[in-house]
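S.K.:
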Amino acid sequence: MPDDSAIADAEWTALLDARRRGAPGVGPLAALFAPLLVPPVTPDGCVVFGRLAQTLDGRIACANGASQWIGGRGDILHTHRLRALCDVVLVGAGTVHHDDPRLTTREVAGPNPVRVVLDPQRRLPVTHKVFSDGAAPTLLVTSLPGEARHGAAEVLVQPDLPGLLRDLAARGLGRIFVEGGGRTVSAFLAAGCLDRLHLTVAPVILGSGIPAFTLPEAACIGDGLRFRWTPHVIGDDMLFDIALDRVKPGNQVA
């Protein structure tokens, strides 16, 4: 993948147009984003991208939760491009609590996706930006019944990840970007709900902190999930594009 400074605005505009038309794109970016440029063909009607940025030693945040910013400028632009190409950007309650993100496409041209926040116990206050700024429609997904609104967000009671994907597809939201954090991406991976994973590795070593993945314990090396990946240089970081195709850890090679 070429350096971001070399990517012309025209190429990105053409990619957004291909996404709107449900057609394959052309150019260096098109291969990386190809699954998001055509309509989903999975049984639940969704294509699900997970994304994490980690240090060289596999940490996504310091022990106190601080995580801004592990990746460099290229990774930030990549994240905003994923948002613009997807119908939904989804994060867990921990990401909202620690980072208070806006989850918009302010760094690139393109529409803001619907923001989905997983907060099973409904602990997040309405003061967070996603519930109050009105920048994009927002869904709060919880396991507990209660009020139908949470600030500006609609509340959806759905404790099951496969059920959530079906619910989103029924709303016409089939391109899902699971942006973080690590526990949320891990939950989708453990449930066999990720089609693809974009993992950025930054040239940073913390020596401690929050691990990128939290998955069922592997009893032996053979229980680990092996996969093929394609590396891309983005600024000072490395991006690994991993095709998972809904595989679950421990049961087959991706």
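Heads up, the numbering used here is the position in the sequence shown plus 199, with the first residue counted as 1. Cβ coordinates follow ideal geometry from the N, Cα and C atoms, glycine included.
Does the distance from the C-beta atom of Arg250 to that of Leu235 stay below 9 Å?
M.R.: no
S.K.: When you compare only the Cα positions, how much space is there between Ala230 and Ile269?
M.R.: 25 Å
S.K.: Check the DSSP bridge columns for Gln253 and list the partner residues they point to.
M.R.: Val400
S.K.: Going by alpha carbons, who is nearest to Gly244 out of Arg374, Arg425 and Leu393?
M.R.: Arg374
S.K.: Would you check if there are 3 or more beta carbon pairs closer than 8 Å linking the stretch 305-317 to the stretch 275-294?
M.R.: yes
S.K.: Relative to the C-alpha of Ala401, which candidate in Gly264, Trp211, Arg258 and Val246 has its C-alpha closest?
M.R.: Arg258
S.K.: Which word fits Cys419, buried or exposed, when buried means at least 16 other C-beta atoms lie within 10 angstroms of its C-beta?
M.R.: exposed
S.K.: What are the uninterrupted segments assigned as beta strand (DSSP E) that are 3 or more residues long and contained completely in the stretch 351-421, given in chain order?
M.R.: 352-356, 374-379 and 395-400
S.K.: Find the nearest neighbour of Pro300 within the set Val432, Arg365 and Phe330, judged by alpha-carbon distance.
M.R.: Phe330
S.K.: Around the Cβ of Glu378, are there at least 16 other Cβ atoms within 10 angstroms (buried) or fewer (exposed)?
M.R.: buried
S.K.: By the three-class DSSP mapping on this structure, what secondary structure does Ile189 have?
M.R.: Here the chain covers residues 200 to 453 and nothing more, so residue 189 does not appear.
S.K.: Buried or exposed: which applies to Thr383, given that a residue is buried once 16 or more other Cβ atoms fall within 10 Å of its Cβ?
M.R.: buried
S.K.: Given a cut-off of 9 Å on the beta-carbon distance, is the pair Val315 and Val354 in contact?
M.R.: No, they are not a contact pair.
S.K.: Where do the ends of the beta strand (DSSP E) carrying Val325 lie?
M.R.: Careful: Val325 lies outside any beta strand (DSSP E) and carries neither H nor E.
S.K.: What separation, rounded to the nearest whole angstrom, lies between the Cα atoms of Asp256 and Met437?
M.R.: 14 Å
S.K.: From Arg321 to Gly226, what distance separates their C-alpha atoms?
M.R.: Straight through space, the alpha carbons of Gly226 and Arg321 are spaced by roughly 43 Å.
S.K.: Within a Cβ cutoff of 6 Å, which residues of the same chain sit near Gly380, ignoring the five residues on either side of it in sequence?
M.R.: Gly291, Gly293 and Thr294
S.K.: Return the residue from the list Leu398, Ile404 and Pro361 that minimises the CA-CA distance to Ala386.
M.R.: The shortest C-alpha separation from Ala386 is found at Pro361.
S.K.: Hey, which unbroken runs of the alpha helix (DSSP H) at 4 residues or more fall wholly within the stretch 287-313?
M.R.: Listed in chain order, the complete alpha helix (DSSP H) runs (minimum 4 residues) inside the stretch 287-313 are 292-298.
S.K.: For Arg370 and Ala335, I'd like the C-alpha separation in whole angstroms.
M.R.: 15 Å
S.K.: Express the C-alpha separation of Pro319 and Pro344 in angstroms, rounding to a whole number.
M.R.: 10 Å
S.K.: Run through DSSP, which three-state label would Trp268 get?
M.R.: Correct three-state label for Trp268: coil.
S.K.: Could you check which residue in Ala417, His431 and Cys261 has the C-alpha nearest to that of Lys169?
M.R.: With the chain covering 200 to 453 only, the question about residue 169 has no answer from this structure.
S.K.: Output yes or no for whether 9 Å exceeds the beta carbon distance between Asp444 and Pro430.
M.R.: no
S.K.: Keeping to the same chain, check which residues put their C-beta closer than 7 Å to that of Trp428; ignore five residues upstream and five downstream.
M.R.: Within the same chain, Trp428 has close Cβ partners Phe439, Asp440 and Ile441.
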